[in-house]
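Below: one structure, written as structure tokens.
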Amino acid sequence: MRLRPIGHHDIDELQALAQETGVGFTSLPNSREFLAAKIDNAVAAFEGRVPEQERLYFFVLEDEQSGELAGCCAIEAEVGRETPFYHYRVGKLAHSSVQLDLHRTIDTLFLSSDHTGDAEVASLFLRPAYRRDRNGTLLSKARWLFMAEFRDCFPAKVLAEMRGVFSPDGVSPFWESLGSHFFPMEFKQADQLTGLGQKSFIGELMPKYPIYTPFLPQAARECIGQVHEHTRPALEMLKKEGLRWEGYIDIFDGGPTVEAYIDDVLAIRHSSCVTVEVSGDSLAQPERPGWMAATTGMSDFRCSWIGRGPGEDGVITLTIAEAERLGVTSGDALRVLEA
Amino acid sequence: MIDADVVSGAMAEGAARSVGHLLVRPAQSGDLAAIERLASGSTPKLTNLPAHRDRLEERIARSSRSLAHNVDFPGDELYTFVLEDRDLGEIVGTASIRAQAGAQDAYYTYRQETLIHASQQLNLRHEVQTLSLSHEMSEVSLLCALSLDSRYRGTSAATLLRRARLMFIAQYPERFAETLGVAFPGYLDEVGGSPFWDSVGRHFFEQGYHEINLLAGVRSKSFIAEVMPQFPLYLPLLTPQARAAIGREHPAHEQALQEMLAEGFVRSRHVDIFDAGPVVRGERQRLHTLTHCGWHPVRIRPAASLPDAEPAMVANQQLADFRCTVARYALTPTGQLMLSEEQAALLGVEEGRAVLVAPLALPNVEDALDEGEL
């Protein structure tokens with residue numbers, strides 16, 4: 001398995017992926033036209049034909065033997081540059097009075113575009129059949145290696161939006177109590193419009209004044225900053241890298257947005273550059289791989305698990321299969337990470 | 001509920017009394033005990049008339065000071081009046097005017113507003129109702145703090161007490177704003193709870209509605225308002241019960257509200273911040289009493305020979321010794337108002353002095369409603 005930039009020829013497979021994602025996964029709507037445009041933009045981004053801040057780096061995880069796509073993930077270089085990017089910030093307002101001997105803080109939701117200009121890791125999806133052999137970790141962490149390698153192409157901070165709480169029949173209590181009063185449409189429709197990048201309606205219809213959370217029913221308040229059960233492992237993985245919830249939530253489903261300074265992300269700090277030495281010997285392969293390796297080119301970026309780490313001399317020994325998977329030969333540079 | 005006009009309910013319901021020797025005059029220090037009794041008997045309790053002896057004493061003193069001062073434009077004057085039943089020798093009602101609703105501190109109301117959220121992208125137009133804290137009513141003169149012994153409810157005594165203040169304003173226009181306002185107590189449910197407070201204010205206070213109401217009266221309402229949510233409230237986020245209470249008066253005040261609408265007051269977008277009771281407003285030049293009052297010299301006639309005529313409010317023209325009563329609107333062919341010796345004495349006027357007279361009857365409320373503010 002290896003991760004690489006998406007290519008034009010991936011359109012059919014990408015659409016198959018999009019059909020599997022479902023509600024709440026806004027960035028891969030099942031629209032061939034939209035997906036084709038997304039691929040065009042991504043290819044242009046990897047080839048450096050788009051200004052850095054407008055780039056959307058879209059990766060796929062492929063089974064290089066069958067040619068099938070197992071999953072995808074993306075990095076948006078700077079969010080909110082072309083269309084507005086909204087969150088609610090869960091803030092506190094003190095309501096206090098000396099005369100009344102009263103001091104209370106009220107949780108309040110403030111509409112915010114604070115994250116404008118931050119990078120976003122997004123669109124991570126792994127087909128159920130491939131949820132094994134640490135493929136999920138590879139998909140998630142490969143992005144950190146990419147960002148470490150091309151650090152200059154990214155801003156100071158990175159964020160990830162996590163899917164919020166939904167009932168088994170797909171209803172978001174947060175949406176029902178808040179968004180539905182302002183968006184005369186179903187959650188699904190609002191969600192799809194957002195996925196299609198048509199976000200201007202949010203600014204047009206969204207309440208502009210802060211929302212005092214005591215005015216929301218308990219079921220909705222309990223969704224604030226909470227993730228969908230299925231999203232918990234992804235959240236844990238990001239937390240381990242140092243991303244934290246700083247009080248920003250999705251305006252539709254109340255799911256948390258986690259964030260970090262890019263330079264503080266553990267995978268980025270701990271990755272290192274080594275030199276490849278390809279060995280014809282059959283090297284021992286651990287059952288559970290513990291090292292990831294990524295190449296140093298942008299348009300031909302590759303990332304996969306490898307069987308071992310580098311020696312103290314800064315040389316990484318690869319098998320022929322590993323070298324072919326990554327498209328490197330002896331003497332090439334690699335960025336590696338113990339994970 | 002706030003600076004509302006109210007009818008006392010705590011006292012035993014008695015037979016409605018005939019309007020005999022009723023007099024509205026400025027409150028004096030000797031009226032304190034009676035006013036305190038009226039304050040504690042009002043239904044519901046009025047924020048602006050707490051049954052608190054020190055506050056009421058201050059109130060009377062402030063009223064006397066206001067009457068003693070030369071005033072060229074409205075400020076923080078407060079005028080408190082009492083309704084006296086001369087036959088019983090009792091004070092049976094009280095009512096006040098605040099020259100400026102927010103003279104000392106801001107007068108807070110919630111203003112009902114409509115925001116239009118339109119999306120060109122989706123070809124959608126969506127109206128959202130909000131309540132915004134407002135100080136817009138701070139400049140109006142406020143008719144407030146009315147409490148009437150329940151025995152007089154529904155009689156012309158209620159009308160006299162309510163509208164004698166307009167007879168006062170008619171004589172001293174420089175002391176009041178062009179716009180007058182009246183805030184009515186808001187809707188309370190069967191157990192005396194305020195659905196609006198339960199959905200809004202409750203989140204911001206540890207005290208309950210009645211406790212806060214009392215505090216607001218004894219201390220000040222504005223410092224409580226400062227703890228209320230400062231950002232506009234979206235109505236869809238309030239409970240249906242709270243939304244239904246917005247602009248709805250307390251059941252005991254339906255008649256009083258109707259009378260003020262007939263007088264020429266109109267419903268405004270403003271409601272009370274605690275219980276969402278309606279605030280009505282009226283331009284002085286459109287109020288029936290102020291447009292239909294006229295000056296007439298007094299002609300004293302024996303009581304038995306006074307002709308029958310429609311009832312009217314009659315007021316003398318003395319500031320600190322203001323008096324207003326109900327008499328027959330019987331004029332001589334030369335336009336003099338015929339009063340009995342007793343009535344003239346009640347008003348403190350002699351033959352030949354001019355008095356201000358306005359009919360007690362009001363036009364149908366439906367006619368007045370045509371001029372609603374929007």
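Top to bottom, those sequences are chains A and B. Under our numbering, think of the first position of the first sequence as 1, with each following residue one higher. Under our numbering, think of the first position of the second sequence as 1, with each following residue one higher. Cβ atoms here follow ideal geometry from the backbone N, Cα and C, with glycine treated the same way. Only a predicted model underlies this, so the values are computations on that prediction, with no experimental measurement involved.
For R111/B, the uninterrupted beta strand (DSSP E) run begins and ends at 109-119, by DSSP.
Residue environment for D101/A: exposed (fewer than 16 other C-beta atoms within 10 angstroms of its C-beta). The beta-carbon separation of V274/A and V328/A, rounded to 11 Å, does not stay under the 8 Å limit for a contact. If you compare the alpha carbons of Y248/A, S304/A, Y212/A, A45/A with that of M298/A, the shortest gap goes to A45/A. Residues of the same chain with a CB within less than 7 Å of the CB of A333/A, apart from the 5 flanking positions on each side, are C273, T275, T296 in chain order. For A177/B and R221/A, the gap between their C-alpha atoms comes out near 46 Å. Going by DSSP, H296/B is part of the beta strand (DSSP E) stretching over 294-300. As summarised for the stretch 250-296 of chain A, the continuous alpha helix (DSSP H) elements at least 4 residues long and confined to that stretch are 266-270, given in chain order. In this structure, A315/B is the residue among L78/B, A315/B, E283/B with its C-alpha nearest to the C-alpha of G294/B. Below the 7 Å Cβ cutoff, chain A contributes no neighbours of H292/B, its closest Cβ being approximately 45 Å away. Remark: C-beta atoms of Y110/B and L131/B approach each other more closely than 7 Å. Runs of the alpha helix (DSSP H) lying entirely within the stretch 159-205 of chain A and spanning at least 4 residues, in chain order: 187-195, 200-205. When Cβ-Cβ separations below 7 Å define contact, Q121/B makes contact with chain A.
For N123/B and L214/B, the gap between their C-alpha atoms comes out near 50 Å. Within 7 Å of the CB of Q198/A, the CB atoms of chain B belong to Q121, in sequence order along the chain.
Taking G164/A as reference, the option from Y209/A, R134/A, V258/A, A129/A with the minimal CA-CA separation is V258/A.
Secondary structure at D107/A: strand, using DSSP grouped into helix, strand and coil. For D85/B, the pairing in a beta bridge is given by DSSP as L22/B, E90/B. Linking I39/A to A323/A through their CA atoms gives a straight-line distance of about 27 Å. A Cβ-Cβ distance of about 13 Å is found for the pair V279/B and L261/B, leaving them out of contact under the 8 Å criterion. DSSP places V218/B in the uninterrupted alpha helix (DSSP H) bounded by 209-218.
When Cβ pairs closer than 8 Å are counted between the two stretches, the stretch 92-101 of chain B is seen not to touch the stretch 200-213 of chain B, the count staying below three.
Taking 4 residues as the shortest admissible run, the stretch 231-287 of chain B contains the following complete alpha helix (DSSP H) segments, listed from N- to C-terminal end: 240-245, 254-263. A check of alpha carbon separations from D133/A across C223/A, E78/A, P289/A identifies P289/A as the nearest.
Within chain A, the residues H95, L102, R104, I106, Y212, P214 have their CB atoms less than 9 Å from the CB of F204/B, given in chain order. Among the residues of chain B, those whose CB is under 9 Å from the CB of Q99/A are L215, R219, S220, F223, I224, following chain order. With a threshold of 7 Å between beta carbons, F73/B makes no contact with chain A. Close CB contacts of G7/A within its chain, under the 7 Å cut and outside five residues either way in sequence, are with V43 (chain order).
A77/A sits in coil when the DSSP states are folded into three classes, being neither helix nor strand. No Cβ of chain B is located within less than 7 Å of the beta carbon of L28/A. Beta-bridge analysis with DSSP links C324/B to V24/B, A315/B. Our two residues, L196/A and P29/A, have alpha carbons roughly 7 Å apart in a direct line.
If you draw a straight line from the Cα of E259/B to the Cα of E186/A, it is about 47 Å long.
The alpha-carbon separation between M228/B and E350/B amounts to approximately 54 Å. Contacts with chain A at 7 Å (Cβ-Cβ) do not include Y108/B. For L188/B, no chain A residue has a C-beta closer than 7 Å to its own C-beta; the minimum C-beta separation is roughly 21 Å.
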